[in-house]
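Novice: For the first sequence, my numbering assigns the number 3 to the initial residue and increments by one for each residue that follows. The structure's right below; bear with me while I get my questions together.
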Amino acid sequence: MSQIKLKLPDGQFLDVKKGNTVLDVAEQIGSGLAKVAIAGKVDGVLTDLRTPLLQDADFEVVTKKSDEALEVYRHSMAHIMAYAVQKKYPDAKFGIGPSIENGFYYDFDLPAKITADDFEEIESSMQEIIKANLPFERKELTKEEALDFFEKKGQKYKVELIRELEDQPITIFRLGDFVDLCRGPHMKSSGEISAFKLLSVAGSYWRGDEKREMLQRVYGTSFRTPKELKAHLDMLEEAKKRDHRKLSKELGLFSTHEEIGPGLIIWHPNASRIRHVIEAYWKEQHYKHGYELLYTPHIGQSVLWETSGHLNYYQDSMYSPIDIDGANYYLKPMNCPFHIMAYKSELRSYRDLPLRWAELGTVYRYEKSGVLHGTMRVRGFTQDDAHIFCTPEQMAGEIREILRFSLSLWRAFGFSEIKAYLATKPAKAAGKDNEKWEQATEALKNAIIAEGLDWEVDEGGGAFYGPKIDLKIRDALGREWQMTTVQFDWNLTERFDMTYIGADGEKHRPYMIHRALLGSLERFFGVLTEHYAGAFPPWLAPVQAVVLPIADVHIPYAEKVLAKLRNAGIRASIDTSDDKIGYRIRQAQLKKIPFMIILGAEEAEEDKVTVRYRNGENKKMLDLNEFIDSVEWRKADI
RNA sequence: GCCUGUAUAGCUCAGAAGGUAGAGCACUUGCAUGGUAAGCAAGAGGUCGUCAGUUCAAUUCUGACUGCAGGCUCCA
């Protein structure tokens, strides 16, 4: 038997017998290690413990504590769940069952519908499987053997998958009576798993294709310990509490109406106040960053959308035309053509560039009814849009500037964890303008690196008209939201035949960059609401302070304090209802108002105020002016 | 759009073998002027999402539609 050479993480080499399994090697390194081994990593690929090693490789043992082990756990959980489902429905056909962030799922084709009521039964069946401590048995088959095996079982989805597999041999895993096509890796046995819970069931298309069969997908979550599981379930609870749709009802933020139409948002006074503050800050910052602001119409004639190409490529997302005097007008799904028309209304010189034109532009897009979600996904929304027209030489600097600007906005709104995704040339743009693509992609990459952002490449994720950067921001619950997008566009400049006169006196094509920093105000507002759980920081809070006189006799003094607060530009209100002070404090607390100014005989006498902070903290007998000075009522540079 | 649920007062939710409904909060009024998360009492408020079907009778059963929810696909 020949030997192979494995390179361990510490740089040492280990000679082992060819054909030894990952587990054998772990054993060789140390029996303690073998005990805690969950899988191996061979040349960076997660590999099952039972896999024989056939050639020299970088070798690493994945132990219980690593994140990769958690993936293995969850993937194994998916098999255990599938086994439980097979016990309940022997005719079940199986789709796929991977591990995902925070859990796992499995897709089933079943003779009956699974509902949440079935979870308890399936869970206890899973418990039994775990208790039985059944081994996961790995077996290698040829493609023919595998096809034969699953065809006999009537597992048509597995057969379809195997047909497309090129790797030989094909591996299957057996757990009790459940045999699944699977690359692995898996645990040694089902008993090594402890904390799990089934969460939900939903439909999902086979292979994500809406023309294919609809399968039933059961989602579950699992962790190494019950404690971690509980922490995750608590987080889900917390997310429910923070749901912007729920908070909207509690705080009076927005509404939608069947009579108006789905996905169309009515902003109520409190949300409108917040939006006003956001917009005011946004506009001020844009002027500071060298932008000009534009206002453009909501509709435009068909010829505009023909030129832009939207009627060709984007019509599915556009609403039917409106006939005006025999001409077809379309509601705008994007603002760019209008900005381009503004550009084209004059002859432009290279001396005019760059032009940075921004607009809070409200657009309308047809979104499938099933995707609508609160203010996060709607049919009418306002983008914080801008278009930058520049020379090719200016491009890199402009990108850099946009990123920096975006980061400063996110910081201002209280978000600090940001990740960039560099979307490169897609297959459909293949061949064309390679040099341009490379240049622009390079500029985007350099900007990301210069800003010190965490990032990864989204290979082929760019639009057909140019590469882009998307920024995802992480909220207080650790959830990621895609917000900022910065996109190159060589298509529209061409279609609209945009030009500028260069230093050489000749016409040149400008570069165009689309960008939205917050994304859309509706979506941003939803994220902001959930991030702060409705307890907006003072500068954003619709009501910043409420004045609460203890009893009627204190109203005159309270009015005086209210006037002073308002004079200082603070959004303050007064609650003179005849409820007792405890009740009014409760009301203010439920409305998450940052400051309660409580005034009674003592305060009136000494011309002081008592402040109750939103967190319950109480500061008695403060000087009003000193209190006012202690709070950031507005972002410094508004 | 597709799958699975779901729809009762402004909100959160009960409810009936098919005989037109109830609580808490909110709201209105009265009493109480009360120092840090719900004072007391009374009152008002619903064609039980819409339209059909079955039935002597439908808010309850059936179907369609619409909205909403969780997913899938798509996306700011």
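Don't be surprised by glycine CBs; every beta carbon is placed ideally from N, CA and C.
Quick check on DSSP: helix, strand or coil for Q484?
Specialist: Of the three classes helix, strand and coil, the one that applies to Q484 here is strand, per DSSP.
Novice: I think P339 touches V365, with their Cβ atoms under 8 Å apart; what is that distance to the nearest whole Å?
Specialist: Wrong, their Cβ atoms sit about 11 Å apart, outside the cutoff.
Novice: For S642, does the three-state DSSP call read helix, strand or coil?
Specialist: Residue 642 falls outside the range modelled here, since the chain spans only 3 to 640, and no answer is possible.
Novice: Helix or strand or just coil, what does DSSP make of S191?
Specialist: Here S191 carries a strand assignment [DSSP, helix/strand/coil].
Novice: Grouping DSSP H, G and I as helix and E and B as strand, with all else coil, what is S68?
Specialist: Correct three-state label for S68: coil.
Novice: At what residues does the beta strand (DSSP E) containing F597 begin and finish?
Specialist: 597 to 601
Novice: Rounding to the nearest angstrom, what Cα-Cα distance links A301 and V373 in this structure?
Specialist: It is worth fixing the name first, because residue 301 is Ile in this sequence and not Ala. When rounded, the distance between both Cα atoms is 25 Å.
Novice: Could you tell me which of A36, D58, K37 sits nearest to G46, measuring between CA atoms?
Specialist: D58
Novice: For the alpha helix (DSSP H) containing V305, name the first residue and the last one.
Specialist: 304 to 310
Novice: Given a threshold of 16 other Cβ atoms within 10 Å of its Cβ, counted over all protein chains shown, does Y315 qualify as buried or as exposed?
Specialist: exposed
Novice: H516 and H389 - do their beta-carbons sit closer together than 8 Å?
Specialist: Less than 8 Å separates the beta-carbon of H389 from that of H516.
Novice: Would you mind sorting F490 into buried or exposed? The rule is 16 or more other CB atoms within 10 Å of its CB.
Specialist: By the neighbour-count rule (16 or more Cβ atoms within 10 Å), F490 is buried.
Novice: Could you tell me the alpha carbon to alpha carbon distance between D182 and P540, rounded to whole angstroms?
Specialist: 56 Å
Novice: Going by beta-carbon coordinates alone, are Y108 and V220 separated by less than 8 Å?
Specialist: yes
Novice: Would you say Y352 and A505 are within 8 Å of each other, going by their C-beta atoms?
Specialist: yes
Novice: If you follow the beta strand (DSSP E) that F527 is part of, which residue opens it and which one closes it?
Specialist: Looking at the DSSP string, F527 is not in any beta strand (DSSP E); the run it does join, the alpha helix (DSSP H), is 523 to 533.
Novice: Span of the beta strand (DSSP E) holding T384?
Specialist: 382 to 392
Novice: Just how far apart, CA to CA, sit E142 and V24?
Specialist: 15 Å
Novice: Out of G376, R381, A360, which has the shortest C-alpha to C-alpha gap to E369?
Specialist: Nearest neighbour of E369 by Cα position, chosen from G376, R381, A360, turns out to be R381.
Novice: Under the three-state reduction of DSSP, which class applies to T495: helix, strand or coil?
Specialist: Three-state result, T495: helix.
Novice: Do you know how far the Cα of R511 is from the Cα of D499?
Specialist: When rounded, the distance between both Cα atoms is 8 Å.
Novice: Return helix, strand or coil for H278, following the three-state DSSP convention.
Specialist: Note: H278 maps to helix in three-state DSSP.
Novice: Quick check: F175 and E139, are their CB atoms within less than 8 Å of each other?
Specialist: Their beta carbons are under 8 Å apart, which means F175 touches E139 by this criterion.
Novice: Given this structure, state the Cα-to-Cα distance separating D119 from G222, to the nearest angstrom.
Specialist: 14 Å
Novice: Which residue's Cα is closest to the Cα of S522: I401, M216, K622, I280?
Specialist: Closest option to S522, Cα to Cα, is I280.
Novice: Taking only runs of the alpha helix (DSSP H) that begin and end inside the region 63 to 129, which ones reach a length of at least 4 residues, in chain order?
Specialist: 69 to 90
Novice: Provide the residue span of the alpha helix (DSSP H) that contains A449, from first to last.
Specialist: From DSSP, the alpha helix (DSSP H) with A449 extends over 436 to 452.
Novice: Could you tell me whether the region 620 to 639 touches the region 558 to 575, where touching means 3 or more Cβ pairs closer than 8 Å?
Specialist: Three or more Cβ pairs drawn from the region 620 to 639 and the region 558 to 575 lie within less than 8 Å of each other, which places the two stretches in contact.
Novice: Would you identify the three-state DSSP class for S322, choosing helix, strand or coil?
Specialist: The answer is coil: DSSP assigns S322 none of H, G, I, E or B.
Novice: Take G376 and list the residues in its own chain whose beta-carbon comes closer than 7 Å to its own, dropping the five residues that flank it on each side.
Specialist: The beta carbon of G376 sits closer than 7 Å to those of H246, R247, G528, all from its chain and outside the five residues before and after it, given in chain order.
Novice: Suppose contacts are defined by Cβ-Cβ distances below 8 Å. Is A1 in contact with P228 by that definition?
Specialist: As displayed, the chain neither begins before 3 nor continues past 640, which places residue 1 out of reach and without an answer.
Novice: Taking its Cβ as the centre, do 16 or more other Cβ atoms sit within 10 Å of L1, making it buried, or is it exposed?
Specialist: Beyond the ends of the chain as shown, which are 3 and 640, falls residue 1; an answer cannot be given.
Novice: Look at the alpha carbon of H81 and the alpha carbon of L200, and state the distance between them as a whole number of angstroms.
Specialist: 13 Å
Novice: Using only the alpha-carbon positions, how far apart do E437 and K447 sit?
Specialist: 15 Å
Novice: Thinking C-alpha only, which one of K43, G105, M189, M237 is nearest L10?
Specialist: K43
Novice: Compare the beta carbon distance of G463 and P428 with 8 Å and say whether it is the shorter of the two.
Specialist: Yes. Within cutoff.
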